[in-house]
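Going by my numbering, the first residue of the sequence shown is number 4, and it counts up by one from there. Idealized CB from N, CA, C, for every residue including glycine. Following: one structure in structure tokens, then a few remarks.
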Amino acid sequence: MTDTTEAVTTEFLRRLSVQDAHGLAELFADEIDWNVPGEADLPWTGRRSRQDQVAEYFGLLWQAFVAGESTAAVDKVVIDGAEVVVLGTFAHTAVSTGKRFETPVAMHLTVTEGKIVRLHLYEDTLAVSKAFEA
């Protein structure tokens, strides 16, 4: 299970790095447990439960950031069976305000039968929210 979990995680991070929204969606099971906390007026935040919502999420997210100004650093990946924790830092510039922000992130993924069934993202939601305030 760990080999499959590692392969799926590696591919997830690769597709994330090239902003392949549809390729990312292919890595998810039909039914998922997805949570990205944050302000309700930010359209990419909240819960999702289906694979067909994954590509839309990334589209909404990426269009909110100035193209070419985002960075992501992965500091550590911890795998224990089906469970994965990815630790790192994201930095973006909000299109709507021009404000730049940086946030530490932790992603909790669960991989079952070669598909991601859980993605929970933990980040500095206050920093994200402030970047989008006029």
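The Cβ-Cβ distance between Lys118 and Phe61 does not fall below 9 Å. In the assembly as shown, Thr13 is an exposed residue. Its beta-carbon has fewer than 16 other beta-carbons within 10 Å. In the three-state reduction of the DSSP assignment, Thr13 falls in the helix class, which pools H, G and I. CA-to-CA, the gap between Arg50 and Val77 works out to about 24 Å.
Distances from the alpha-carbon of Ala94 to those of Gly84, Phe68 and His111 put Phe68 closest. Checking the DSSP bridge columns, you'll see Pro107 partnered with Thr92. Listed in chain order, the non-local C-beta contacts of Ser132 below 6 Å within the same chain comprise Glu42, local neighbours out to five positions each way being set aside.
Taking every protein chain shown into account, the CB of Glu34 has fewer than 16 other CB atoms within 10 angstroms, so this residue is exposed. Just measuring C-alpha positions, the residue of Arg18, His111 and Glu72 sitting nearest Val88 is His111. Each residue's CA atom was taken as its position, placing Val108 and Gln54 some 22 Å apart.
Between Ala75 and the set Thr96, Val81, Gly84 and Ala28, the nearest pair of CA atoms involves Thr96. Only residues of its own chain outside the window of five on either side were considered, and among them Val89 have a CB closer than 6 Å to the CB of Val80, listed in chain order.
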